[in-house]
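**Q** Handing you a structure now.
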Amino acid sequence: SAQEVARLIEQLRNEEIPAIFGSEVFPSPILDQIGREAGAAYVDTLRDDDLPGDPGDENHSYIGLMVYDLQIMAEALGGDPALMADVDTANIPGIDSDVNQAQE
Numbered sequence: 065s066a067q068e069v070a071r072l073i074e075q076l077r078n079e080e081i082p083a084i085f086g087s088e089v090f091p092s093p094i095l096d097q098i099g100r101e102a103g104a105a106y107v108d109t110l111r112d113d114d115l116p117g118d119p120g121d122e123n124h125s126y127i128g129l130m131v132y133d134l135q136i137m138a139e140a141l142g143g144d145p146a147l148m149a150d151v152d153t154a155n156i157p158g159i160d161s162d163v164n165q166a167q168e
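My numbering numbers the first residue of the sequence shown as 65 and each following residue consecutively.
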């Protein structure tokens, strides 16, 4: 309801939340408006099912997707996205080969 949205905007302002997040696949004009009214950036570049990089790249994995999203969130919230740079995003040996064989 409009009252609930107004309360949410007020809470975001009171808590000084710097960013709210959405998906790049499902842009939301409502979240964009809420962010503008609350003074928070609306970040809509999070991935939810599209793996980063190209097939065969080390970061083209579920872990790579999580690292990608965490880096975006960290930066938008005032943190240091570089802290995720050393996370090994390669898929787990053994499991990958089973998946690759099933796709062939």
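Ideal Cβ placement from N, Cα and C applies to all residues, glycine included.
These figures come from a predicted structure and were not determined experimentally.
Quick one, which of F90, Y106, S65 has its alpha-carbon nearest L76's?
**A** Y106
**Q** Enumerate in chain order the residues of its own chain whose CB-to-CB distance from M130 is below 8 Å, with the five nearest sequence positions on each side excluded.
**A** none
**Q** Using CA coordinates, which residue listed in P119, D118, P116, D96 is at the minimum distance from F108?
**A** Per the sequence shown, the amino acid found at residue 108 is Asp instead of Phe. For D108, the nearest C-alpha among the options comes from D96.
**Q** Less than 8 Å between C-beta atoms, sequence neighbours within five positions excluded: which residues of the same chain meet that for H124?
**A** L115, P116, G117, D118
**Q** Once you ignore the five residues that flank G86 on each side, which residues in its own chain have a CB closer than 6 Å to its CB?
**A** S92, L95, D108
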